[in-house]
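Take a look at the structure below.
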Amino acid sequence: MRAALRTFDPADSDISALEARAQLIPAVFETLVRFDEHGDPQPCLATSWTHDAARKRWVFTARANVLLHNGVAWSPKGGAVEMPDDRPLAAILRELAQPASAIVVRADDGSLLGTGPFRIAHWEAEKSARLVAHDGYWAGRPFLDAIEIRMGRPLRDQEMDLESGKTDVAEILVTDGRRLRQKGFAISSTPFTETLALVFENPRVPDATREALALSIDRATINNVLLQKQGEPSAALLPRWLSGYSFLFPAARNVARAKQLAASAAPLTFAYDKQDAILRAVGERIAVNAREAGIVLKNSTGPSDVRLVSLPITSRDSLTSLEGLATILKVGLPRASGPFETESALLNGYRIIPLVHLPRMWATSGAVTNWPRLADVWLDVLDSKVKP
Amino acid sequence: MTFRTKLLLLTSLTVAGAVALVTGAVAVSTRRAFERIDVTRREALLDQFRRELDARGEELSRRVEQIASSAAIEQITSGAAEYDRAQAEAQEQSLDFLDVLQPDLTIISSAHWPARFGYKNDWNIAPEDWQATKSFLARIPLPEGNAVALVSVRISSGGKALVAGGRRLNAELLKSLGIAPGMRALLWRAPDDLIDAQGGVQHAEKLESLIAQVKASGHESTATVQWTGQRSSSEAFLGLPLFERGQLMGVLLAGTSLRKEMDLENEILWIGIVVGGSGIVIGILLGWWTTQRVTHPVEQLAAGARSVAAGDWSARVEVVSHDEIGELAQAFNQMTQHLVEQRDRAIQAERVAAWRELARRLAHELKNPLFPLQITIENLQRARERSAAEFDEVFREGTTTLLAELSNLKTIVGRFSDFAKMPAPQFERVDVNELVRGAMKLYNARLDATISLRLELADGELPIAADGDQLRRALSNLVLNAMDAMPDGGTLHVATAGIEDGVRISVADTGQGLTPEECERLFTPYYTTKHHGTGLGLAIVQSVVSDHHGKITVTSEPGHGSTFMIELPLRQGEQI
């Protein structure tokens with residue numbers, strides 16, 4: 242995997258690996274509730290929940306026959322988890338579905354015990370991990386005996402590992418799906434769980450220049466040619482499958498207007514991760530589009546005026562995802578009535594310019610015969626489906 | 019400045035000047051020779067660059083042709099290949115730039131700028147470019163700026179696309195030129211990039227003016243650049259503009275190091291300095307020897323001339339050569355010999371003249387008393403013959419006359435005797451003021467109402483070493499002369515004054531004065547302007563003054579009187 246976790250502790254607040262934590266932690270630590278593929282809350286370690294008459298105290302009934310990784314039964318006092326909370330139920334469930342709210346028991350030796358389908362057999366921070374099947378998993382022992390995870394691996398290296406037989410599952414570039422499929426690998430992809438966006442790091446860049454840059458970008462060509470139509474051009478932060486309103490943010494290009502706005506605009510320093518092939522290709526194209534509108538983007542490796550980033554969608558819940566994005570972007574989440582208003586407020590002023598939503602894509606070798614089940618095990622948060 | 023110094027200086031300057039001229043001529047000649055060689059080498063370099071460009075153009079066209087006929091182009095045009103497929107093709111053919119274009123020059127795939135697909139190619143490609151085989155220079159837009167490249171364009175096999183490939187004009191191209199030692203080629207690439215065979219050029223700003231000149235004129239230009247404070251770091255450049263379709267793509271700069279030329283010039287300069295210095299030293303020695311040879315006889319001549327001027331007419335110079343200086347010495351010796359002979363003859367003549375004058379004077383002086391004597395004696399003889407009584411009377415008168423005339427003769431003879439027997443002065447301390455005062459007392463009685471005396475004596479005493487009697491006699495002669503010069507009256511002005519190392523006595527009258535000719539002959543013995551007198555008075559004065567080592571001068575103008583001034587030294591040896 243690309244990310245490099247420094248800890249498996251769900252309570253850790255490492256935002257740099259938010260996405261990876263959202264993928265891996267549920268395989269080891271479970272929460273009381275979880276979201277399904279439609280973003281609806283579903284029971285997990287809690288089978289049901291109810292409240293008192295004043296709706297200020299909630300009781301979550303614990304699932305029976307749940308064993309911790311050391312074989313000890315997880316049995317909360319009274320068979321239920323009680324918590325005082327006067328917030329709306331949706332907000333409570335959204336919080337409880339977060340990895341940070343997972344049920345974790347600290348053993349006598351200090352190790353962390355969970356109830357998930359896999360337990361941690363080996364852990365080397367930011368390098369590798371070995372997860373082995375939890376025989377006493379309440380939903381049944383997972384099909385796989387063990388999962389070897391190598392962290393901090395670029396996608397290109399993962400693809401090479403896959404092609405050389407060193408791994409059975411590798412995350413791949415969305416642009417490599419067709420090539421790898423031609424080579425006989427099975428390709429699967431998630432819904433759009435990543436958003437490419439331009440983020441202005443320099444608050445002194447004039448509004449007109451920011452808007453000009455937003456209007457100069459040809460999102461359709463970026464998606465059709467560079468991303469081989471694997472993405473969804475959009476001017477919204479959240480993909481349509483998650484929010485349902487992304488089309489309300491206009492993504493059309495208007496070079497003439499951009500030229501007007503960018504008249505006498507100063508050159509901007511522009512940064513992106515040049516090791517990332519997708520970011521590099523999109524970044525170069527954005528520079529070409531901007532140049533056409535009269536905006537010069539100068540590549541920079543340090544602090545810059547504007548940066549091209551890949552933002553992960555970490556939840557099936559819109560507001561939770563927006564919170565995650567706000568955390569990653571280190572901006573305050575505006576207080577608004579709903580996701581659309583919140584996102585509109587985030588995007589107001591063109592300080593963040595969403596470009597395209599991308600899925601995550603995996604290639605599996607012929608040894609993997611039941612990828613959807615595997616995905617269900619350790620990609621619990623995100624749905625997965627195999628493409629023929 | 020002496021003649022010897024002048025001669026030495028002239029010799030040294032001549033030698034130094036000659037060496038400087040020779041050194042300068044050699045240096046200029048050397049520089050011109052180097053410049054001719056440099057021009058030839060630079061032109062050869064430019065020819066080599068053009069040939070290399072042509073050869074690379076042919077090779078480039080061949081490679082672009084291979085791409086145009088490859089299956090990859092079909093895949094790119096059909097959309098089956100990825101958008102950056104041109105990169106692989108460019109890499110395979112080692113091209114720096116490659117665009118696969120639609121016929122309308124829209125970029126389908128770009129190797130050097132993959133993100134630029136969909137935009138128009140702006141390499142200034144003309145339709146004839148893909149028909150011809152010749153390559154051309156083009157300015158290639160890049161994300162970081164423009165690059166200048168050699169470009170070739172071909173039509174794909176299917177005719178659906180154009181393939182435009184290029185190679186950068188870079189340091190490798192310059193390195194491949196096979197440049198002669200001491201030379202180098204630099205390439206300025208529009209808009210602002212200068213490289214040499216090693217890459218970037220330090221202090222490129224020093225070539226900005228030459229490049230600007232080439233850009234402005236559009237023609238070849240030359241300039242010399244001194245890279246550091248050392249002259250030997252200078253480099254001569256010839257700038258050649260590289261035009262393509264009216265656009266300046268670059269400037270090729272052929273540079274030649276002037277280090278060897280400068281070193282040789284320095285060497286020549288040092289040789290010149292050493293030779294010049296040696297020449298100056300040798301010149302000084304030779305000059306000294308020559309001047310010795312030349313000036314020694316001249317100095318001898320000068321010494322001889324000074325001796326002659328001092329009165330030593332027997333002075334001779336040694337004749338040591340037979341050149342012009344020897345002839346001059348001989349002539350000098352002949353001259354002095356002639357002078358001596360002439361002087362002897364003049365003295366002889368003067369003696370004769372003096373004796374004649376003396377005889378004339380004696381005859382004149384003696385003839386006057388003799389005639390009365392003769393008359394008186396004849397009267398006595400006639401009276402003796404006539405009567406005794408008359409004889410007594412005549413005898414008495416005659417003897418009286420005879421005695422008077424004889425006395426007169428005695429006086430005349432005494433004067434001559436005195437002049438002839440002028441004794442040597444007996445020096446003693448004499449106060450000139452007192453002497454003048456005493457002398458003038460003798461004449462108070464003789465001064466009448468018509469002649470007034472004005473006596474102006476210096477304050478205090480004016481002691482000198484002198485013979486008081488002789489000096490008094492000389493002063494008396496001057497006073498008597500002055501009084502004689504004023505028969506109608508006037509003012510006698512007698513004054514004394516102290517002067518440097520001596521005293522001055524002046525006697526002036528307000529008489530009729532003297533003419534310049536009279537002034538010249540005034541001190542000649544027996545010369546007089548008076549009807550009576552022997553002409554010995556002023557001669558005696560001059561004799562006295564001369565014996566006192568002084569001098570006497572006279573200033574006079576006709577009608578304004580005369581002034582005689584005697585200047586006497588304070589001491590006569592140690593006597594005072």
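Chains A and B supply the protein sequences, listed in that same order.
Heads up: the first sequence runs through residues 242 to 629, numbered per this note's numbering.
Heads up: the second sequence runs through residues 19 to 594, numbered per this note's numbering.
Every residue gets a Cβ at the ideal spot worked out from N, C-alpha and C, and that includes glycine.
Task: Status (buried if at least 16 other CB within 10 Å, exposed otherwise) for P132 (chain B) - done: buried
Task: is_contact[A45 (chain B), chain A] using C-beta, thresh 7 Å - done: no
Open item on the list: Give me the DSSP bridge partner(s) of E323 (chain A).
Closed with: A:V300
Open item on the list: My parser needs the beta strand (DSSP E) runs of 3 or more residues fully inside the stretch 64-138 of chain B; what are they?
Closed with: 115-119, 125-128
- [ ] Can you pull the chain B residues whose beta carbon is under 8 Å from the beta carbon of E389 (chain A), in chain order?
- [x] Per Cβ cutoff of 8 Å: no residues; E389 (chain A) is ~32 Å from chain B at best.
Task: Given T664 (chain A) as reference, the closest of A:R335, A:Q264, A:G320 once Cα atoms are compared - done: Nothing about residue 664 (chain A) can be reported from this structure: the residues present for chain A run from 242 to 629 only.
TODO: Below 8 Å on the Cβ atoms is my guess for F511 (chain A) versus L538 (chain A); work out the distance and round it to an integer in Å.
DONE: 4 Å
Open item on the list: For the stretch 438-468 of chain A, list every residue whose C-beta sits within 7 Å of some C-beta in chain B, in sequence order.
Closed with: T462, V466, L467
TODO: For R134 (chain B), return the contacting residues in chain A, with the cut-off set at a CB-CB distance below 9 Å.
DONE: E525, R526, V529
- [ ] Could you list which residues in chain B have their beta carbon closer than 9 Å to that of A522 (chain A), in chain order?
- [x] Y101, D102, P132, A133
Open item on the list: Is the beta carbon of P395 (chain A) closer than 7 Å to that of A476 (chain A)?
Closed with: no
Task: H511 (chain B) - containing beta strand (DSSP E), residue span - done: 508-517
- [ ] Report yes if the CB atom of S250 (chain B) is closer than 7 Å to the CB atom of M280 (chain B), and no otherwise.
- [x] yes
Open item on the list: Just to make sure I have the definition right: I need the residues of chain A whose C-beta is within less than 9 Å of the C-beta of P209 (chain B). Which are they?
Closed with: Those do not exist, as P209 (chain B) stays about 15 Å from chain A at its closest Cβ, beyond 9 Å.
- [ ] With a 10 Å radius around its C-beta and 16 neighbouring C-beta atoms as the bar for buried, classify E525 (chain A) as buried or exposed.
- [x] buried
Task: Nonlocal neighbours in the same chain, by C-beta distance under 6 Å from V358 (chain B), ignoring five residues either side - done: W331
Open item on the list: Here's the rule: buried if 16 or more other CB atoms are within 10 angstroms of the residue's CB, otherwise exposed. What is S658 (chain A)?
Closed with: In the structure displayed, chain A extends from 242 to 629; residue 658 (chain A) sits before or after that span and is not available.
Open item on the list: According to DSSP, simplified to helix, strand and coil, what is V382 (chain B)?
Closed with: It is worth fixing the name first, because residue 382 (chain B) is His in this sequence and not Val. Here H382 (chain B) sits in helix by DSSP.
TODO: Answer yes if the stretch 172-182 of chain B comes into contact with the stretch 233-245 of chain B, meaning at least three C-beta pairs across the two stretches below 8 Å, and no otherwise.
DONE: no
Task: Residue of B:V292, B:L427, B:R433, B:R447 minimising C-alpha distance to T41 (chain B) - done: B:V292
Open item on the list: Taking the alpha-carbon of G553 (chain B) as reference, which of B:N495, B:R414, B:E585 has the nearest alpha-carbon?
Closed with: B:N495
TODO: Report yes if the C-beta distance between E412 (chain A) and M392 (chain A) is below 7 Å; otherwise report no.
DONE: no
Task: Unbroken alpha helix (DSSP H) run spanning R311 (chain B), endpoints - done: 277-327
TODO: Tell whether a beta-carbon distance below 7 Å holds between S127 (chain B) and I94 (chain B).
DONE: yes
TODO: Name, going along the chain, the residues of the stretch 151-173 of chain B whose beta-carbon falls closer than 7 Å to a beta-carbon of chain A.
DONE: P161
Open item on the list: Less than 7 Å between the beta carbons of L437 (chain A) and V523 (chain A), yes or no?
Closed with: yes
Task: Y378 (chain A) versus P491 (chain A) - alpha carbon distance - done: 47 Å
Task: Enclosing beta strand (DSSP E) for Q283 (chain A) [first to last residue] - done: 282-284
Open item on the list: If distances are taken between C-alpha atoms only, which option among B:Q392, B:L384, B:I300 comes closest to G432 (chain B)?
Closed with: B:L384
Task: Opening and closing residue of the beta strand (DSSP E) in which W482 (chain A) lies - done: Where W482 (chain A) is concerned, there is no enclosing beta strand (DSSP E), although the alpha helix (DSSP H) it sits in stretches over 481-484.
Task: Outcome for H130 (chain B) when other beta-carbon atoms lying within 10 angstroms are tallied against a minimum of 16 - done: buried
TODO: Could you tell me which residues DSSP puts in a beta bridge with N164 (chain B)?
DONE: B:P159
TODO: Would you check if the distance between the CB atom of R601 (chain A) and the CB atom of T356 (chain A) is smaller than 7 Å?
DONE: no
Open item on the list: Considering Cα atoms alone, identify which of B:L276, B:L266, B:L260, B:Q231 is closest to T246 (chain B).
Closed with: B:L276
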